[in-house]
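Here's the structure, in structure tokens; my notes come after.
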Amino acid sequence: MNKIIIITGGTSGIGLACAKYLIAKNYQVIITGRNEENLEKALSELGKNAFGYISDTSVLHDIDGLVNRIKENHGTIDGLFINAGIFKSIGFEDTNEALFDETMNINFKGAFFTVQKFIPILKNPSSIVLNTSIAVFKAFPNASVYSASKAALEAIAKVLNLELAQKGIRINVVSPGVTHTPIQKKSGMTDEAIDGLLQYLSETSPIGRVVLPEDIAPIVEFLVSDNSLVLRNEKIVVDGGSTL
Ligand SMILES: NC(=O)c1ccc[n+]([C@@H]2O[C@H](COP(=O)([O-])OP(=O)(O)OC[C@H]3O[C@@H](n4cnc5c(N)ncnc54)[C@H](OP(=O)(O)O)[C@@H]3O)[C@@H](O)[C@H]2O)c1
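In the numbering used here, the protein residues as written are 1 to 244.
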């Protein structure tokens, strides 16, 4: 039977590209998002092997509802791609409590409890992939909370690999470099700043262009597939060599 994979935040950017790739490889895919219109649009692009649910990953009650609906409609699942996330470009000194909480609640707390609440419906074996960022090990200005949220997420992968091993659940990490998606525009960066960043990366990266969501998708597919059955806490950096 075809594997069924959940992608949180699958309505845009990296999540949507992964959903398209997995469907082309005969997986069934369940995507989540907060926005009904974006969800419907994504589902119409993805076709009959895609399913979607509105669920805000930072709201624990929403995660409970999501797990219940998936259990009822799809049974158990083979893989979970923890992808929903936000980035707001803001200096350390201007970062207020609301922005701190929003970022940590979506990127870390939501991710933490999504993994926890999905455990009962994950098959043995199954795969969890955490989407972190090169911002965990390379400094970018205006990304202090974001970097911390992704570092926290990366830190739990080790522990979960020990605690969940008996259930046949493996956890690995994909760590994208700057990838051209709507996240830059949503971050509050000006068009000029975004163009400058993308231009700089195209000129300096060994691949001579920016990383695209389609570059991340085959890596995620590998990590949810049986080809990665023995990997534990592996981190695959997908940045076109920009951090070399
Ligand atoms: N692009 C990069 O340069 C880059 C680099 C490294 C890592 N990443 C990580 O990759 C992931 C995807 O980012 P992207 O670049 O593809 O950005 P994107 O195009 O903005 O996509 C973000 C996705 O997450 C969803 N989302 C955001 N907050 C959510 C919440 N509270 N609950 C449920 N869904 C939520 C969005 O859905 P709605 O529109 O419905 O909110 C959307 O589907 C993020 O975790 C990001 O940190 C990105």
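Virtual Cβ for every residue (Gly too), placed ideally from N, Cα, C.
Practice prompt. With a threshold of 16 other CB atoms inside 10 Å of the CB of Phe81, please say whether the residue is buried or exposed.
Written response: buried
Worksheet item: Cβ of Arg258 within 8 Å of any heavy atom in ligand 1?
Response: Coverage of the chain is limited to positions 1 through 244, which leaves residue 258 absent and any answer about it impossible.
Worksheet entry | N-terminal and C-terminal residue of the alpha helix (DSSP H) that Gln116 is part of | Ala111 to Phe118
Discussion item. Quick check: the Cα distance between Phe140 and Thr132, rounded to an integer number of angstroms?
Written reply: 14 Å
Fill in: Under 9 Å between C-beta atoms of Gly177 and Val238
yes
Fill in: Buried or exposed (CB count within 10 angstroms, at least 16 for buried), Ser44
exposed
Worksheet item: ligand 1 heavy atoms versus the CB of Val220: any closer than 8 Å?
Response: no
Practice prompt. Return yes when the C-beta of Thr280 is under 8 Å from any heavy atom of ligand 1, and no when it is not.
Written response: With the chain running from 1 to 244 in the structure shown, residue 280 is simply not present.
Discussion item. Can you determine whether any heavy atom of ligand 1 sits closer than 8 Å to the C-beta of Thr243, and answer yes or no?
Written reply: no
Discussion item. What does the alpha-carbon distance come out to for the pair Ile134 and Ala152?
Written reply: 13 Å
Discussion item. Taking 8 Å as the cut-off, is the C-beta of Ala84 nearer than that to any heavy atom in ligand 2?
Written reply: No copy of ligand 2 occurs in the structure displayed; its ligands are ligand 1 alone.
Worksheet item: DSSP three-state call for Tyr200: helix, strand or coil?
Response: helix
Fill in: Ranges of the beta strand (DSSP E) found wholly within the stretch 2 to 46, counting only runs of at least 3
4 to 7 and 28 to 33
Discussion item. Taking its Cβ as the centre, do 16 or more other Cβ atoms sit within 10 Å of Arg170, making it buried, or is it exposed?
Written reply: buried
Worksheet item: Are the CB atoms of Gly33 and Gly85 nearer to each other than 9 Å?
Response: no
Worksheet entry | Ala135 CB to nearest heavy atom of ligand 1 below 8 Å | yes
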